[in-house]
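Single-structure report; data block below.
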Amino acid sequence: MYTVKISSKGQIVIPAEARKKLNIKEGDTLAVSVEDGRIILKTRPAKIKKGIVEQTFGLLSDIDYDFKEHVNQIRKDSGRRFDV
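The opening residue of the sequence shown carries number 1 in full-length UniProt numbering; numbering runs sequentially from there.
This is how it looks when you write it as structure tokens:
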């Protein structure tokens, strides 16, 4: 088990040994969930994530709907950042 501190911005550093064991590299994406009072981090393979995004935008390109514009409007209205 590792112990980490939370920064003033809510950030943590994943210890190098844990990153090596899980082959986590800069730019990788982790899924975050809360289960039974625990924070769970799960690795997400980049190839799968990229494929899902491409498939989603491919499906949306077949209809007359500007998904990116919709997300940009949500960002503007809420003042929060959402990653697509």
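Ideal Cβ positions, reconstructed from N, Cα and C, are used throughout, including at glycine. On a predicted model such as this, the values are computed, not experimentally measured, just so you know.
Residue i (DSSP reduced to helix, strand or coil)
i, result
"Ser8", "coil"
"Lys25", "coil"
"Val34", "strand"
"Ile74", "helix"
Which residues DSSP lists as bridging residue i, in chain order
i, result
"Ile40", "Ser33"
C-alpha distance - residue i paired with residue j, whole-angstrom precision
i, j, result
"Val34", "Ile40", "6 Å"
Cβ distance (whole Å) where residue i is taken to contact residue j below 8 Å
i, j, result
"Leu30", "Arg19", "No, Leu30 and Arg19 are not in contact; Cβ-Cβ is about 11 Å, not under 8 Å."
"Ile12", "Ile24", "Going by Cβ atoms, the distance from Ile12 to Ile24 rounds to 13 Å, so no, they are not a contact pair."
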